[in-house]
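Below is one structure, written out as structure tokens; comments come after it.
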Amino acid sequence: MTPFPFPPCKEVHESLTELMEGSAPLYKRLMLRLHLAFCDACRPAYLAFLAMRRVGPKLLLPPADSPREAEDALKAVLKRVEQDRSEKKIKG
Amino acid sequence: MPTTPAQQSDLIRLAVEGDSDAFGALIHPHLSLFHHGIYRILANHQDAQDALQDGLLAIYRGLPRFEGRSQFSSWAYRICINAALMHRRSSRRYVEKNASDFPSLDPEEEHPNPMETLPEVAAASEAYNQLEHRELRDKLMETLALLPPSQREVFVLRDIEDWSTEDIATQLGVTTLVVRQRLHRARDFICARLQPYFLRVP
Ligand SMILES: [Zn+2]
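If you're matching them up, the sequences are chains A and B in order.
In case it helps, numbering that gives the first Met the number 0 puts the first sequence at residues 0 to 91.
In case it helps, numbering that gives the first Met the number 0 puts the second sequence at residues 0 to 201.
Printed below as a string of structure tokens:
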């Protein structure tokens, strides 16, 4: 239950991305922020959204070594490059 | 082995002349980055391998047009991301209204200012292996794989690759409203599963 009659929790939750992206009109942003400041149900979700945006790129950094499938893809492309080169030589 | 800018220029020149060893040496320091970028979008090993192959071939064919306005790794990475997006569109599992409206693979054609900087793999591996992050990282990867592909790609492009909403909309051929809706559903889906983890992150 929201301690504020407007906007209701459901609407606030559905507007979190709009708020983060800065695409909500000013008045709506103010109402959303006011709601978030006081609502213990919506605030954690908003904080989690923000944390996800902040740490997501760091969490999903690539490993130092490329996996086998990546090495195989490169090998296949190098083979193709070699073939192209040989065909060009024959034609040339 | 990382290459210096001068070595990289030499490798690019040789690769343009058709030297496959030079192309391999040019790509290899960035291979993990390219693969990982693709895998995050497709969340499937076979698809990622196929898209990486397409991306690498597009890099090779695009090399004569590489003008050095951006870093080679940024330019090539963008091609790989575009290859992943194109792979998703051409996938039989994906029904697209405008199947012929494929995004361009060449980043300089559609995006005059491709990303200037990219995470270096050496720095990346440090954070990657931090024990406290490993659990959350694994769970995030698992959850990404559960997302509908249309939501996953928007989430990855916006929250991981940091593309603008407008760029994503242009690249995917949808409105910014649709991008925001998909992004919200993706964040909601992920948060519903991982909120306690994210709230513990310092
Ligand atoms: Zn609320």
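Using N, Cα and C, we set each Cβ at its ideal position, and we do this for glycine too.
Quiz item: Would the beta-carbon of B:H29 fall within 8 Å of that of B:S72?
Solution: Yes, they are a contact pair.
Practice problem: Verify the contact flag: A:C8, CB atom, against every heavy atom of ligand 1, threshold strictly below 7 Å. | Solution: Result yes, Cβ under 7 Å from ligand 1.
Quiz prompt | Minimum length 3: unbroken beta strand (DSSP E) runs contained in the segment 20-88 of chain A | solution = Assignment of beta strand (DSSP E) within the segment 20-88 of chain A, counting only whole runs of 3 or more residues, yields no such run.
Exercise. From the DSSP output, in three-state form, read off A:T1 for me.
Key: Only weak support is given to the placement of A:T1: the predicted model assigns it a pLDDT of 49, under 50, and the value that follows is read from those uncertain coordinates. A:T1: coil per DSSP, three-state reduction.
Self-check item: Proximal residues of chain B, C-beta to C-beta of A:E17 below 7 Å
Solution: The contact set of A:E17 on chain B, defined by CB atoms closer than 7 Å, consists of R179 in chain order.
Quiz item: If you draw a straight line from the C-alpha of A:F48 to the C-alpha of B:E165, how long is it?
Solution: Spanning the two alpha carbons is a distance of roughly 20 Å.
Quiz item: Leaving out five residues before and five after B:T2 in sequence, what residues of the same chain have Cβ atoms less than 8 Å from its Cβ?
Solution: In its chain, beyond the 5 residues on either side, L10, A24, L25 and P28 have a beta carbon closer than 8 Å to the beta carbon of B:T2.
Exercise. Output the distance between the C-alpha atoms of B:I78 and A:V11, rounded to the nearest integer angstrom.
Key: For B:I78 and A:V11, the gap between their C-alpha atoms comes out near 38 Å.
Practice problem: State the start and end residues of the unbroken alpha helix (DSSP H) segment that holds B:S72. | Solution: Taken as a continuous stretch (DSSP letters only), the alpha helix (DSSP H) holding B:S72 covers F71 to S89.
Quiz item: Between B:L139 and A:L33, is the Cβ-Cβ spacing less than 8 Å?
Solution: Against a cut-off of 8 Å, the Cβ pair of A:L33 and B:L139 comes out as no contact.
Practice problem: Flag A:V11 as yes when its Cβ comes closer than 7 Å to any non-hydrogen atom of ligand 1, and as no otherwise. | Solution: Proximity of the beta carbon of A:V11 to ligand 1 is indicated: a heavy atom of the ligand is located closer than 7 Å.
Quiz item: Counting pairs of beta carbons, one from the segment 40-57 of chain A and one from the segment 66-80 of chain A, are three or more of them closer than 8 Å?
Solution: Proximity of the segment 40-57 of chain A to the segment 66-80 of chain A falls short of the contact definition, fewer than three beta-carbon pairs being nearer than 8 Å.
Quiz item: Are any of the Cβ atoms in chain B nearer than 8 Å to that of A:V11?
Solution: For A:V11, not one C-beta of chain B is nearer than 8 Å to its own C-beta.
Quiz item: Under a three-way DSSP split, which group does B:R60 fall into?
Solution: DSSP places B:R60 within a helical segment (H, G or I) once states are collapsed to three.
Quiz prompt | heavy atom of ligand 1 below 7 Å from B:C190 C-beta | solution = Checking the 7 Å criterion, the Cβ of B:C190 is out of range of every heavy atom belonging to ligand 1.
Quiz item: What are the start and end residues of the alpha helix (DSSP H) that includes B:T175?
Solution: Run containing B:T175: T175 to R199, per the alpha helix (DSSP H) assignment.
Quiz item: For B:D18, which three-state DSSP category applies?
Solution: If DSSP states are grouped into helix, strand and coil, B:D18 belongs with coil.
Exercise. Inspect the CB distances between the segment 44-55 of chain B and the segment 63-71 of chain B and report whether three or more fall short of 8 Å.
Key: Contact fails between the segment 44-55 of chain B and the segment 63-71 of chain B, because fewer than three Cβ pairs, one in each stretch, are under 8 Å apart.
Practice problem: May I ask which residues mark the beginning and end of the alpha helix (DSSP H) holding B:V155? | Solution: Where B:V155 is concerned, there is no enclosing alpha helix (DSSP H), given that its DSSP letter is neither H nor E.
Quiz prompt | 8 Å Cβ cutoff, B:E115 in contact with chain A | solution = In this prediction, B:E115 scores a pLDDT of 43, lower than 50, which makes its location untrustworthy; no coordinate-derived value is stated.
Self-check item: A:S14 - DSSP class collapsed to helix/strand/coil
Solution: Note: A:S14 maps to coil in three-state DSSP.
Quiz prompt | Beta-carbon gap between B:Y38 and A:V80 smaller than 8 Å | solution = Not a contact, by the Cβ cut-off of 8 Å.
Quiz item: With a CB to CB cut of under 6 Å and the five nearest residues on each side skipped, what residues in its chain are close to B:Q150?
Solution: Around B:Q150: R181, R184 and A185.
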